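Read in order, the letters of the sequence shown are residues 5 to 311 in the numbering used here.
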Amino acid sequence: MPSTSRDMQVFERVATLGSFTAAGESLRLTPSAVSRMISRMEDRLGVRLLTRTTRELHLTTEGETYLERAKSILQAISDAENEVSQGGSKPTGLLRVSTGPTFGRHWLMPVLPAFAEAYPGIELQLEVTDRIIDLASERVDVAIRSGPLPDSNMISRKLTEVSRVICASPDYLARNGTPSGPEDLGKHRCLLVAGTSSLSKWPFTSENGVETVQIRANVSSDSADSVRDMAVAGMGIARLARICVARHLADGTLVPVLEDVHADQSVPLSAIMLPERQRDPRVRAFIDHLVRSIGPRGQSPLANSAE
5 MPSTSRDMQV FERVATLGSF TAAGESLRLT PSAVSRMISR MEDRLGVRLL TRTTRELHLT
65 TEGETYLERA KSILQAISDA ENEVSQGGSK PTGLLRVSTG PTFGRHWLMP VLPAFAEAYP
125 GIELQLEVTD RIIDLASERV DVAIRSGPLP DSNMISRKLT EVSRVICASP DYLARNGTPS
185 GPEDLGKHRC LLVAGTSSLS KWPFTSENGV ETVQIRANVS SDSADSVRDM AVAGMGIARL
245 ARICVARHLA DGTLVPVLED VHADQSVPLS AIMLPERQRD PRVRAFIDHL VRSIGPRGQS
305 PLANSAE
């Protein structure tokens, strides 16, 4: 008897999550039921799909081959059901989205209520992280990231552009002086957003074009909002996404620094997906909503409101 889609789903969850317990929790099955289903599949196929130890599960070569085909089949089933069942109705079902913290707070969160109201049948599962993710293995439908595409096989749709500004609080500048050029930054306390090495290289215009200055951080954080709060508190000079500090620049709690020589190199903010996901009605509805809500200027609903 051939494997059913349920068997494939159970195996895919075990392989992706790495344990019978985690797979069972995601499928509302007991670990013993999951184990029995995997054993029956292996008996039916006549091969081992997994090697088991007391602590870990590992895919065999046959298991890796089966997993790749099973994922394609499960996705095809999902796409077919969505296409024929929804017709002219609104899309329904689970939508997995991964977004970075800055975009999540300043762009996404303010527009989610309208999306939830417009599409009550979509169950949104949101992961807020800056880490590099594998869309396929983690079954993420859409990832929102800034910068160039991490993989040329991905499909992207530009949402807006992210620009940055170097800034500090008036109090910090009153106590420490205002740098007159990039060479003065070494004498100041600088705050950095940790994550990628490019964030510690601040670009400036010069006679030779654009040159970068390597910044040594006195304080760093993986949270842009935390770095902003430290800058507002007078702890140093920071380079942050303009959307993150728009309200503070407007009310004067932060002021631009070295604005005349800072090379503001905007980068695209895009919705990234696997090629097979771009036709999913849930994905299309979500991205279309973001494009309409954000607009070409990328104005955040939080920019001019109290936080």
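Just so you know, even glycine gets a beta-carbon here, dropped at the ideal spot from N, CA and C. Given the structure is predicted, the values throughout are model-derived calculations rather than measurements.
Burial state of residue i (16 or more Cβ within 10 Å)
i           : result
residue 268 : exposed
residue 4   : Outside the shown range of the chain (5 to 311) lies residue 4, about which nothing can therefore be said.
residue 81  : exposed
residue 307 : With a pLDDT of only 45 at residue 307, under 50, the local geometry of the prediction cannot be trusted, and the value read off the model is given with reservation. Its Cβ being crowded by 16 or more others within 10 Å, residue 307 is buried.
residue 22  : exposed
residue 294 : buried
residue 311 : Its pLDDT being 41, under 50, residue 311 is placed unreliably in this model, and the value from its coordinates should be taken loosely. Looking at its Cβ environment, which holds fewer than 16 other Cβ atoms inside 10 Å, residue 311 is exposed.
residue 134 : buried
residue 39  : buried
Within 9 angstroms, strictly: CB atoms of residue i and residue j
i           : j           : result
residue 96  : residue 123 : yes
residue 319 : residue 216 : Residue 319 lies beyond the stretch modelled for the chain, which goes from 5 to 311, so this question has no answer here.
residue 275 : residue 144 : no
residue 66  : residue 49  : yes
residue 126 : residue 286 : yes
residue 258 : residue 221 : no
residue 173 : residue 235 : yes
residue 114 : residue 271 : no
residue 104 : residue 179 : no
residue 140 : residue 94  : no
Residue i versus residue j - alpha carbon distance
i           : j           : result
residue 12  : residue 34  : 17 angstroms
residue 266 : residue 214 : 9 angstroms
residue 137 : residue 191 : 38 angstroms
residue 315 : residue 278 : No information on residue 315 is available, as it lies outside the stretch 5 to 311 that the chain covers here.
residue 227 : residue 243 : 13 angstroms
residue 56  : residue 62  : 7 angstroms
residue 204 : residue 31  : 43 angstroms
residue 15  : residue 175 : 59 angstroms
residue 149 : residue 17  : 26 angstroms
residue 386 : residue 10  : Here the chain comprises residues numbered 5 to 311, so residue 386 is not present and cannot be evaluated.
residue 219 : residue 25  : 46 angstroms
residue 116 : residue 297 : 10 angstroms
residue 199 : residue 43  : 42 angstroms
Same chain, Cβ closer than 8 angstroms to residue i, five either side skipped, listed in chain order
i           : result
residue 302 : For residue 302, the predicted structure reports a pLDDT of 49, less than 50, and the residue's modelled location is therefore unreliable. The matter cannot be settled from this model.
residue 309 : For residue 309, the predicted structure reports a pLDDT of 41, less than 50, and the residue's modelled location is therefore unreliable. A value from the coordinates is still provided. Hits under 8 angstroms: 251.
residue 241 : 170, 171, 172, 176, 183, 189, 192, 193, 194, 195, 235 and 261
heavy atom of the ligand ADP below 8 angstroms from residue i C-beta
i           : result
residue 172 : This structure lacks the ligand ADP; in fact it carries no ligand of any kind.
Close beta carbons around residue i, own chain, < 7 angstroms, minus the five adjacent residues each side
i          : result
residue 46 : 52 and 53
residue 8  : none
6 angstroms Cβ shell around residue i - same chain, five flanking residues per side excluded
i           : result
residue 304 : Note that residue 304 has pLDDT 48, beneath the 50 cutoff, so the model's placement of it is unreliable and the number below is only indicative. 110, 111 and 247, listed in sequence order.
residue 101 : 130 and 146
Problem - Segment contact, 8 angstroms Cβ cut-off, at least three pairs: the segment 162-171 with the segment 242-260 - result: Under the three-pair Cβ rule at 8 angstroms, the segment 162-171 counts as touching the segment 242-260.
Problem - Touching by the beta-carbon criterion (3+ pairs, under 8 angstroms), the segment 175-193 and the segment 289-299 - result: Counting Cβ pairs under 8 angstroms, fewer than three are found: no touch.
Exercise for the section: Count the CB pairs spanning the segment 101-108 and the segment 124-134 that are closer than 8 angstroms, and state whether there are at least three. Expected result: Touching, yes, given that three or more Cβ pairs across the two stretches are closer than 8 angstroms.
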